[in-house]
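Note sheet for the following structure.
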Amino acid sequence: DQQVKQNSPSLSVQEGRISILNCDYTNSMFDYFLWYKKYPAEGPTFLISISSIKDKNEDGRFTVFLNKSAKHLSLHIVPSQPGDSAVYFCAAVPNFGNEKLTFGTGTRLTIIP
Amino acid sequence: EAGVVQSPRYKIIEKKQPVAFWCNPISGHNTLYWYRQNLGQGPELLIRYENEEAVDDSQLPKDRFSAERLKGVDSTLKIQPAELGDSAVYLCASSSLAGGGEQFFGPGTRLTVL
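Note that the protein sequences, when read in sequence, are chains A and B.
In terms of my numbering, the first sequence opens at residue 92 and continues consecutively.
In terms of my numbering, the second sequence opens at residue 34 and continues consecutively.
Given below as structure tokens:
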């Protein structure tokens, strides 16, 4: 039972344009959401997070939007840069401070120069 | 500051052989995690340690997997005997409450069971 779903296994975006990565979840107990970025042969690195009390969190070129009623979140990267090419994982926890991360299956983002 | 260190980076073994992975967390991080990432999937938690105590091992297949974190610092994950389905990347992560609980991952060990 996949509680966190990333339905797009891959996405290609032109450099300079906006990249939008989507994530859906089924467990209504999830209260805190994170995005991780993973380069080949490296471990995932934390990118940005959002609490369920917010609907938007922004950090430089990265913005995460949360639609709690739809159990949907998205990561926007603008403008996209070649260094953004990586696999992006959405993850969720029942509450901030709870350390049991449930990951999605990942979306491979390719930025085309 | 050094990150999470894992060794070996790659391991190829035949089925039924034993294998062990080692992890050294970031200094001062009291929480240590072992994850398994199958091809095309996200990481899945196997076991979580608070210092030397395993506080969540519900996802660890205990018939063949074992882990230890003696002295609450570095940790070893062992599989004995390995099966074909154990081929995956084994990731170690660490975190600290002082750091807000953010998990820092090591580069992983890619295991191939033939």
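Just so you know, even glycine gets a beta-carbon here, dropped at the ideal spot from N, CA and C.
What you are looking at is a predicted structure, and each value in this text was computed from that prediction instead of being measured.
- The C-alpha of G141 of chain B lies about 22 Å from the C-alpha of Q97 of chain A.
- In the DSSP assignment, I80 of chain B falls within the beta strand (DSSP E) that extends over E77 to E83.
- Bridge pairing for H163 of chain A: A:D115 and A:N158 [DSSP].
- Boundaries cannot be given for V169 of chain A, as no beta strand (DSSP E) includes it and DSSP labels it neither H nor E.
- In the structure shown, D90 of chain B adopts coil according to DSSP, grouped into three states.
- By the rule that beta-carbons nearer than 8 Å mark a contact, L166 of chain A does not touch chain B.
- The beta carbon of L192 of chain A sits closer than 8 Å to the beta carbons of L125, A182, A183 and V184 from its chain, once the five residues preceding and following it are set aside; these are given in chain order.
- Under DSSP, D150 of chain A forms a beta bridge with A:F153.
- Sequence-distant Cβ neighbours of E190 of chain A in its own chain, meaning closer than 8 Å and more than five residues away, are V184.
- Bounds of the beta strand (DSSP E) holding L200 of chain A are T198 to I203.
- Within the stretch 133-148 of chain A, contact with chain B at the beta-carbon level (separation under 8 Å) is assigned to E133, G134, P135, T136 and F137.
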